[in-house]
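Peer 1: If you count the sequence shown from 1, you need to add 3 to reach the numbering used here.
Don't be surprised by glycine CBs; every beta carbon is placed ideally from N, CA and C.
Below is the structure I would like to discuss, written out as structure tokens.
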Amino acid sequence: MKLAVTVVALALATACSTSQEPGAAGSASSQATASGSVSAELKSAVANPARSPANTVRDVHRHPAETLTFFGLKPGMTVIEIAPSSYYPEILAPYLKATGGKYIGTGKAVEAVADQNVWGPQTYVPFGRDSGPLAPAGSADMVLTFRNVHNWMWQPGFLDKAMADFAAALKPGGVLGVEEHRADPRPETVANGRSASDGYVSKATIVAAAAKAGLVLEAESDVNANPKDTKDHPFGVWTLPPNSWTAPRGGVTPEGFDAAKYKAIGESDRHTLRFRKPA
4 MKLAVTVVAL ALATACSTSQ EPGAAGSASS QATASGSVSA ELKSAVANPA RSPANTVRDV
64 HRHPAETLTF FGLKPGMTVI EIAPSSYYPE ILAPYLKATG GKYIGTGKAV EAVADQNVWG
124 PQTYVPFGRD SGPLAPAGSA DMVLTFRNVH NWMWQPGFLD KAMADFAAAL KPGGVLGVEE
184 HRADPRPETV ANGRSASDGY VSKATIVAAA AKAGLVLEAE SDVNANPKDT KDHPFGVWTL
244 PPNSWTAPRG GVTPEGFDAA KYKAIGESDR HTLRFRKPA
């Protein structure tokens with residue numbers, strides 16, 4: 004996997020990039036990040052034997068330690084995860100418990116980490132198109148969102164509202180980390196008046212929405228890149244693992260559909276973008 008990182012200087016608005024030679028697929032050496040090596044505390048959280056096998060088997064595709072290191076996760080942070088599944092709470096909640104931080108999720112409490120004696124304290128807050136503030140203004144060190152942006156694009160005004168919520172919650176100098184299915188280099192698809200109808204979002208869309216909220220793109224990483232992803236699948240990104248659709252929603256599997264072809268691609272090619280709220 005090739006890693007390309009572009010850093011955007013906040014004050015000077017200049018950019019520089021670094022790259023590494025490809026390493027073995029899925030290896031730590033091929034997933035180094037611009038933020039330095041993975042900490043012992045984060046390695047321990049990722050290696051936690053209590054994590055679900057259904058989640059750990061996905062680490063080869065999701066690169067959690069490298070992704071969180073790139074975003075700048077540090078001990079003692081207050082971290083808000085938007086619309087969490089069980090995947091990242093199993094890592095973040097124990098890490099933040101061990102390092103004196105605080106985990107906040109949105110929506111319903113994640114059942115898989117319900118035992119807070121095992122996983123660490125968690126707080127859950129409402130989040131939606133009409134919800135109130137995520138947290139007291141300027142109280143969060145980091146907001147993280149994984150594969151959610153396309154959903155907000157399907158409700159008028161929701162993406163802008165989401166970014167404004169994130170910016171309001173962040174401390175000056177705080178970080179928004181975004182992982183999302185990458186449409187580039189092709190344009191976003193539009194179907195039934197809906198952009199990103201296949202789940203793939205352009206970098207320009209994310210950057211523009213963040214900028215409207217006052218958040219500045221600081222760096223991007225290819226740690227979650229997948230060059231095998233041709234982005235032309237019959238059921239959008241959901242044709243690929245982990246969803247592995249074999250038919251359109253409510254439809255039937257087409258004759259001759261080859262599920263193995265899409266399983267071999269793996270999980271999607273994804274943006275990994277770090278934004279900062281100016282100090």
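Is R295 helix, strand or coil by DSSP?
Peer 2: Not covered by the structure: residue 295. The range shown for the chain is 4 to 282.
Peer 1: Give a yes or no on whether the C-beta atoms belonging to A186 and V204 are separated by under 7 Å.
Peer 2: Result yes, Cβ atoms of A186 and V204 sit closer than 7 Å.
Peer 1: Could you say which of A138, S198, V121, N120 lies nearest to V128 if we only look at CA atoms?
Peer 2: Here the closest residue by C-alpha is A138.
Peer 1: Would you say V63 and I94 are within 7 Å of each other, going by their C-beta atoms?
Peer 2: Their beta carbons are not under 7 Å apart, which means V63 does not touch I94 by this criterion.
Peer 1: Does G254 pass the burial test, meaning 16 or more other C-beta atoms within 10 Å, or should it be called exposed?
Peer 2: Exposed, by the Cβ-count rule.
Peer 1: Could you have a look at E258 and say whether DSSP puts it in helix, strand or coil?
Peer 2: In the structure shown, E258 sits in coil (DSSP, three-state: anything other than H, G, I, E or B).
Peer 1: In chain order, what are the residue ranges of uninterrupted alpha helix (DSSP H) at least 4 long that sit wholly in the stretch 30–103?
Peer 2: With a minimum length of 4 residues, the continuous alpha helix (DSSP H) runs that stay inside the stretch 30–103 are 43–49, 56–59, 62–65, 67–74, 92–102.
Peer 1: For V219, which residues does DSSP report across the bridge?
Peer 2: Beta-bridge pairing links V219 to R279.
Peer 1: Let me check one thing: in DSSP terms, what residues is H153 bridge-paired to?
Peer 2: Paired residue(s): none; H153 is not in a bridge.
Peer 1: Which residues in the same chain have their Cβ closer than 6 Å to the Cβ of T256, if we skip the five residues on either side of it in sequence?
Peer 2: Same-chain partners within the cutoff: T249, A250.
Peer 1: Alpha carbon to alpha carbon, how far is G79 from T242? Give it in angstroms, no decimals.
Peer 2: Those two C-alpha atoms are separated by around 38 Å.
Peer 1: In angstroms, rounded to a whole number, what distance separates the CA positions of L13 and A262?
Peer 2: Any reading at L13 needs caution, since the residue's pLDDT is 35, under 50, leaving its predicted position unreliable; the model's value is listed next. For L13 and A262, the distance between alpha carbons rounds to 45 Å.
Peer 1: Using the beta-carbon count (16 or more within 10 Å), is Q119 buried or exposed?
Peer 2: Exposed, by the Cβ-count rule.
Peer 1: For D163, does the three-state DSSP call read helix, strand or coil?
Peer 2: It is helical.
Peer 1: Pull up the DSSP beta-bridge partners for L108, would you.
Peer 2: Residue 108 is actually Gly in this sequence, not Leu. Its beta-bridge partners are E84, Y127.
Peer 1: Is it buried or exposed for D235, if we count other Cβ within 10 angstroms and need 16 for buried?
Peer 2: With fewer than 16 other Cβ atoms within 10 Å, it is exposed.
Peer 1: Where A172 and E191 are concerned, what is the direct C-alpha to C-alpha distance, given to the nearest angstrom?
Peer 2: Computed Cα separation, rounded: 29 Å.
Peer 1: Using a Cβ-Cβ cutoff of less than 6 Å, which residues in the same chain neighbour M166 once the five nearest sequence positions on both sides are dropped?
Peer 2: If we look at M166 and ignore the five residues flanking it on each side, its Cβ neighbours are A212, A213, A216.
Peer 1: Distance, Cα to Cα, A282 vs D144?
Peer 2: Approximately 12 Å between the Cα atoms of the pair.
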